[in-house]
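Colleague:
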Amino acid sequence: MYISVFYEHILEAAAQENLSVEEVLKIVKSSQIDGVELDYGRLLDKEGEGERIYRQLASEGLAVNGVYGFFDFGKKADYLPGAAFIDQAVGIGAKSVLIIPGFIEEGLEKERAEKEIQNMMAVVRELAAIGREKGITVAMEDFDDIKAPFATAGQLLAFLKQVPGLTCAFDTGNFLYSEEDVIQAFELLAPYIGIVHCKDRSLTPKRGEEPKLTVKGRAMYSSPVGFGDIPMKQLISLVKENAGKQNRGDMTFIIEHFGSRHQLEDMQKSAAWLLAQ
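The opening residue of the sequence shown carries number 141 in this note's numbering; numbering runs sequentially from there.
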């Protein structure tokens, strides 16, 4: 099982525990986490932050597994910024890129909204082709924002059907945001799933943590994987079974719990739980 975690969690853990980033990276590696997910913005820093992070990770035996980036392809259907994004990710040895292609402003007239969605699909189609040429997986996820026209299982499926080679990064916690049944979402998206964002969520209030509200107004809190209200054990089993059917080999499981006030502990608990499955 290949496990990755968000670099932002590592930075938060260092601040929360009054540790150096290097100290946290050593703990991460000892927890049998081998990869890291990087925000594309960090690779664009003119002071060379991306190269510094790359060397820092390598020195601790960690690799950049994936890079994620936010774009606005709906308003401007220009694939070149996305192509540069892929080149940067390939340059640091990433296995995948996660594209968030844009958002639709609330209240936008239907025809304009549909045009922006078509623009997004057209650009992602170009980028998926570039990804195939360069040997890197291009993925999209069920993003937890009502303005994302790929938040629900049905919306994301539309992109996956329209874009040859696009991979589904199945975020286990984001269907709760959309108030959808995660098992039904899995069954719908299963043929396209190649990456899993292991996001558990708790409906029990956590002191000091700002909740994210579902589309129906329910408060969701962070949780280490396997300790919240998402049926993670069933999902991991389904993912492994599906990977075998699809001949996808070893799956990448990405630990995610943005908003946690105990990132280091949660990363360790998440990794241990996943490895026990």
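For glycine and all other residues, C-beta sits at the position ideal for the given N, C-alpha and C.
1) Tell me whether tyrosine 332 sits in a helix, a strand or coil according to DSSP, three-state version.
2) What residue range is occupied by the uninterrupted beta strand (DSSP E) comprising valine 365?
3) Evaluate the contact criterion for the segment 345-358 versus the segment 306-315: three or more CB pairs, one atom per stretch, below 8 Å.
4) Examine the Cβ distances between the segment 271-282 and the segment 351-365 and report whether three or more of them are shorter than 8 Å.
5) For isoleucine 239, count the other beta carbons within 10 Å of its own beta carbon; 16 or more makes it buried, fewer makes it exposed. Which is it?
6) Could you tell me which of Lys301, Gly242 and Arg265 sits nearest to isoleucine 286, measuring between CA atoms?
7) Would you please state the rounded distance, in angstroms, between the beta carbons of valine 207 and tyrosine 180? I believe it to be under 8 Å.
8) What's the gap between the Cα of glutamine 324 and the Cα of alanine 330?
9) Give the secondary structure of asparagine 205 by DSSP, where H, G and I count as helix, E and B as strand, and everything else as coil.
10) Tell whether a beta-carbon distance below 8 Å holds between valine 237 and alanine 198.
11) Enumerate in chain order the residues of its own chain whose CB-to-CB distance from alanine 268 is below 6 Å, with the five nearest sequence positions on each side excluded.
12) Tell me the start and end of each unbroken alpha helix (DSSP H) in the segment 365-405 that is at least 4 residues and wholly inside, in chain order.
13) What are the start and end residues of each continuous alpha helix (DSSP H) run of 4 or more residues lying completely inside the segment 250-306, in chain order?
14) Have a look at the DSSP bridge pairing and note the partners of aspartate 311.
15) Please go through the segment 150-194 and give each complete beta strand (DSSP E) segment of 3 or more residues, from N-terminal end onward.
16) Out of curiosity, what's the CA-to-CA distance linking glutamine 156 and histidine 149?
17) If you run the structure through DSSP and keep just helix, strand and coil, what is lysine 352?
18) Within 10 Å of its beta-carbon, does asparagine 158 have 16 or more other beta-carbons around it, so buried, or fewer, so exposed?
19) Between the alpha carbons of aspartate 321 and phenylalanine 283, how many angstroms are there, rounded?
20) Quick one: Cα of glutamate 266 to Cα of cysteine 338, how far?
Modeller: Looking at the coordinates:
1) helix
2) Segment: none, valine 365 is in no beta strand (DSSP E) and carries neither H nor E.
3) no
4) They do not touch, by the three-pair rule.
5) Residue burial is scored here from C-beta neighbours: isoleucine 239 has at least 16 other C-beta atoms within 10 angstroms and is therefore classed as buried.
6) Gly242
7) The C-beta distance from valine 207 to tyrosine 180 rounds to 5 Å, short enough to meet the 8 Å contact threshold.
8) 10 Å
9) strand
10) no
11) So the list reads Val278, Val303, Gly305 and Leu306, once near-sequence residues are dropped.
12) Counting only runs that start and end inside the segment 365-405, the alpha helix (DSSP H) elements of at least 4 residues fall at 372-385.
13) 250-274 and 293-302
14) His337
15) 175-179
16) Taking the Cα positions, glutamine 156 is about 10 Å away from histidine 149.
17) strand
18) Exposed is the call here.
19) About 15 Å.
20) 28 Å
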